[in-house]
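Per this note's numbering: the sequence shown = residues 50 to 334.
Using N, Cα and C, we set each Cβ at its ideal position, and we do this for glycine too.
The structure appears right after this line, and notes come after that.
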Amino acid sequence: MVYKGLRSFRPFSAPFRVVLNTLLPPLCSLCDQAANHRTQLCHHCLTLINADHQRRRSSCLLCGVELDHQVATTTCSEAIEDTPLPPHAKKQTANFVSLNDGALHCATCIRYPPAFDRCIAASRYSPLSAKLVNTLKQGGKLACSVPMAELIIDAVRSRYSNQPERHIDLMVPVPLHINRLKIRGFNQAAEIAKPVARQLGIPLALTACARQTDTPSQQRLNFSARKLNLQQAFGTTTRVNGRRIAIIDDVVTTCATSNAVAKSLLDAGAVSCDIWCFARTPLNG
Ligand SMILES: [Zn+2]
Ligand SMILES: [Zn+2]
């Protein structure tokens, strides 16, 4: 708060405030305390978000959902009971199985394999990460995309042995329909994608995939309704032909949107699609 007060202190002239802003550390995107220049988050908020990331220890190799013993739900237990398991698959707990390569897969991915190869999430969707997403999306504070991008970069570097640029040729943000873009004024997925692309040196195709239908909000729909809602929702240019794509999103909930975008890109000739998101909701989230 001290830093925020100093920056806007009225008796200071405008040019002096500009100089002050360059000398003082940036303000945390979440709490206005002095922040780290790279992540634009203060030490406290960064520690809490990293703790959310650390908690995501065992997750489905495909969709990135956490596979925690404590979060097994009735729905998932039933899903796995009904699911014919591939040869050599070993049931580990109520909600996940281990295939013969030792990789963990959730019941949903065994039953309905996604079109994308993997979903990499920087953080769990927690009250704090939700606050960051909402401050960007609803509050229009574009600077919030910086910490999200930094945390995505850390996550993908760790997943691709520090060389994501050797596995991905093109980044494509999940598109917004033009009507929503006009209302909001920006696409949050594109805002997060820009600094990620710049830092990793991967080309970004902001218009390669377009949302053709203004589908109703996905938030209150269940898995099947979301899937139905998104059929034919996306159209893709041939620019993606032969490319290995990373699809960028702020939050992944059921993977219905990510999957529909991936299908559209693969239909247009993309070789593979991975999902990079800031936050992934837990199984019962
Ligand atoms: Zn903070
Ligand atoms: Zn899964």
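The set of residues with CB atoms less than 6 angstroms from any heavy atom of ligand 1 reads, in chain order, C77, L79, C80, Q82, L90, C91, H93 and C94.
The region 225-236 makes no contact with the region 301-311; the number of CB pairs closer than 8 angstroms stays below 3. Contact between D298 and A238 holds: their C-beta atoms lie close to 5 angstroms from each other, under 8 angstroms. In this structure, L332 has its CB at a distance of at least 7 angstroms from all heavy atoms of ligand 2.
For V223, the Cβ stays outside the 7 angstroms cut-off from all heavy atoms of ligand 2. For A198, the uninterrupted alpha helix (DSSP H) run begins and ends at S194 to R208, by DSSP. Every unbroken stretch of the beta strand (DSSP E) spanning 3 or more residues and falling wholly within the region 283-331 is given here in chain order: 283-285, 293-301 and 321-329. Nearest to G189 by alpha-carbon distance, out of F235, N99 and I296, is F235. Assignment of I241 by DSSP, reduced to helix, strand and coil, places it in the helix class. Q89 sits buried, since 16 or more C-beta atoms from the chains shown fall within 10 Å of its C-beta.
S321 has its alpha-carbon roughly 23 angstroms from the corresponding atom of T330. Under DSSP, A83 takes part in a beta bridge, and its partners are L76. Under the DSSP assignment, R260 falls in the beta strand (DSSP E) whose first and last residues are C258 to R260.
By the 16-neighbour rule on beta-carbons within 10 angstroms, P213 is buried. Under the 10 Å beta carbon count, I227 is surrounded by fewer than 16 other beta carbons and is classified as exposed.
Taking 7 angstroms as the cut-off, one finds no heavy atom of ligand 2 near enough to the beta carbon of V301.
In the three-state DSSP reduction, V182 falls in the helix class (H, G or I).
When DSSP states are grouped into helix, strand and coil, I98 belongs to the helix group.
Of the residues Q82, C326 and V310, the one whose Cα lies closest to the Cα of N278 is V310. Judged by the Cβ position, C326 fails to qualify as a neighbour of ligand 2 at the 7 angstroms threshold, every heavy atom of the ligand being at least this far. Here DSSP, grouped into helix, strand and coil, assigns L191 to helix. About 11 angstroms separates the beta carbon of I296 from that of I169, a gap too long to meet the 8 angstroms contact definition.
Contact between V182 and V300 holds, since their C-beta atoms are separated by about 6 angstroms, short of 8 angstroms. Distances taken from the Cβ of C158 to the heavy atoms of ligand 2 include one shorter than 7 angstroms.
Under DSSP, V221 shares a beta bridge with I296. In this structure the region 79-97 touches the region 190-205; the number of beta carbon pairs closer than 8 angstroms is three or more. Using a cutoff of 7 angstroms, the CB of C112 counts as near ligand 2, since one of the ligand's heavy atoms is closer than that.
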